[in-house]
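Trainee: The structure is given below, and queries will be raised subsequently.
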Amino acid sequence: MDKVIEPGTSRTEGDTHTLHFTLHLPHPVERVWPVVAGHGDGLRDWLAAADTFEPHLGGAVALRWLNTGPEGEAVPGRITAWDVERVAEYTLEGFHGRIRFHVEPYGERGTTLRFTNEIRGDDELRRDCLAAWHLHLEYLAEALDGNPVDWRSWTPDRFEELRETYAQ
Numbered sequence: 264m265d266k267v268i269e270p271g272t273s274r275t276e277g278d279t280h281t282l283h284f285t286l287h288l289p290h291p292v293e294r295v296w297p298v299v300a301g302h303g304d305g306l307r308d309w310l311a312a313a314d315t316f317e318p319h320l321g322g323a324v325a326l327r328w329l330n331t332g333p334e335g336e337a338v339p340g341r342i343t344a345w346d347v348e349r350v351a352e353y354t355l356e357g358f359h360g361r362i363r364f365h366v367e368p369y370g371e372r373g374t375t376l377r378f379t380n381e382i383r384g385d386d387e388l389r390r391d392c393l394a395a396w397h398l399h400l401e402y403l404a405e406a407l408d409g410n411p412v413d414w415r416s417w418t419p420d421r422f423e424e425l426r427e428t429y430a431q
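In the working numbering, the protein residues as written are 264 to 431.
In structure tokens form, the structure reads like this:
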């Protein structure tokens, strides 16, 4: 299986944008689930620090993006869907919106991850979010291979490259 992240797609209705990515990962569900469902340092290795995480429907969640530095502000929200080893969905305040991970077996030892993000805003925000999620999903693939992102050395270079791609 290939680790290349295919470009995301989006659907727009009014000022609501629904972003989609589908990944086929060469790791079993048992390996992927904890990394997308907030167990241990799973989210920190590729997405954000989970300052608060109550793994059940209605549970509190607060994610702090580390590419802005370790002292960034945590974004609060709630877990709005939870089906162990299948669906983890967080709805966050502000522009982050609804973030949904749906995992299922793929082939003999792989996992299909269907990612959805529903946001409200203008077209520039849509492009920014497509680029940012694309980058984070690249980080996810690397983290699953044992190479978590080093947030201290993060630069916006790859994000800017992806943003240009999504602007075209």
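Built from N, CA and C at the ideal position, the CB exists for glycine as well.
If I'm right that L400 touches F284 with Cβ under 8 Å, what's the distance once you round it to whole angstroms?
Mentor: Yes, L400 and F284 are in contact; Cβ-Cβ is about 6 Å, under 8 Å.
Trainee: What's the gap between the Cα of D385 and the Cα of F358?
Mentor: Those two C-alpha atoms are separated by around 11 Å.
Trainee: So, helix, strand or coil for E513, using DSSP?
Mentor: Residue coverage of the chain in this structure runs from 264 to 431, which leaves residue 513 outside it and unanswerable.
Trainee: Tell whether a beta-carbon distance below 8 Å holds between A406 and D308.
Mentor: In this structure, D308 lies closer than 8 Å to A406 by Cβ.
Trainee: Can you find at least 3 beta carbon pairs, one from the stretch 284-302 and one from the stretch 409-422, that sit closer than 8 Å?
Mentor: No, because fewer than three Cβ pairs between the stretch 284-302 and the stretch 409-422 fall closer than 8 Å, the two stretches do not touch.
Trainee: Excluding the 5 residues preceding and the 5 following H319 in the sequence, name in chain order all residues of the same chain whose CB lies nearer than 7 Å to its CB.
Mentor: If we look at H319 and ignore the five residues flanking it on each side, its Cβ neighbours are I342, W345.
Trainee: Within 10 angstroms of the Cβ of N380, are there 16 or more other Cβ atoms? Answer buried if so, exposed if not.
Mentor: Under this definition N380 is a buried residue.
Trainee: To the nearest angstrom, how far is the alpha carbon of P270 from that of Y429?
Mentor: Between P270 and Y429, the C-alpha separation is close to 8 Å.
Trainee: Taking its Cβ as the centre, do 16 or more other Cβ atoms sit within 10 Å of A323, making it buried, or is it exposed?
Mentor: So A323 counts as exposed.
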